[in-house]
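The structure appears right after this line, and notes come after that.
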Amino acid sequence: MSYKVTYANEAVKYEAPGHFECLTTRLHNPADVNGGTIVNGLSHFLPGGGANVAPANFEMIYYIISGEMTVEMYDDNDQATQYVLHAGDSVHFGKGTKRGCKNTGIETAQMLTIMIKPQA
12 MSYKVTYANE
22 AVKYEAPGHF
32 ECLTTRLHNP
42 ADVNGGTIVN
52 GLSHFLPGGG
62 ANVAPANFEM
72 IYYIISGEMT
82 VEMYDDNDQA
92 TQYVLHAGDS
102 VHFGKGTKRG
112 CKNTGIETAQ
122 MLTIMIKPQA
């Protein structure tokens, strides 16, 4: 059996490409447990902060802990659909899905991100 506990004060800050007006932290990396495939991050988005539209590098789940995030998803015809997510809401999308997000609320939003990297 293998496991890793990460306490709140052990979260690692990092610069997430294409993100703006936010603080991104890494809670778990794939190498943390048995050379796994899961990355877990917690992001804090200021009002107006978000991530630019881009294809997802991995299968992902966004879970909104607090605040409001508008997630824009694109279909195969490049048509956008917006979803306004609040605390307790989540969205799951596959690798290559074109998406972006923005805090459209009036308070800082917290979003948990789970990324599933393919096994080597």
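The numbering used here numbers the first residue of the sequence shown as 12 and each following residue consecutively.
Beta carbons are placed, not taken as given, at the ideal position from N, Cα and C, and that holds for glycine.
The residues Ala91 and Lys109, in chain order, have a CB closer than 6 Å to that of Tyr85 in the same chain once the five nearest residues on each side in sequence are set aside.
Closest in C-alpha terms to Thr81, from the list Pro41, Gly59, Thr48 and Lys113, comes Lys113.
Counting other Cβ atoms within 10 Å of its Cβ, Tyr73 reaches 16 or more and is therefore classed as buried. Asn40 and Thr48 have their C-alpha atoms spaced approximately 8 Å apart.
Excluding residues up to 5 positions away in sequence, Ser13, Tyr14 and Lys15 lie with their Cβ nearer than 8 Å to the Cβ of Val44 in the same chain. By the CB criterion at 9 Å, Glu83 and Ile127 fall outside the cutoff.
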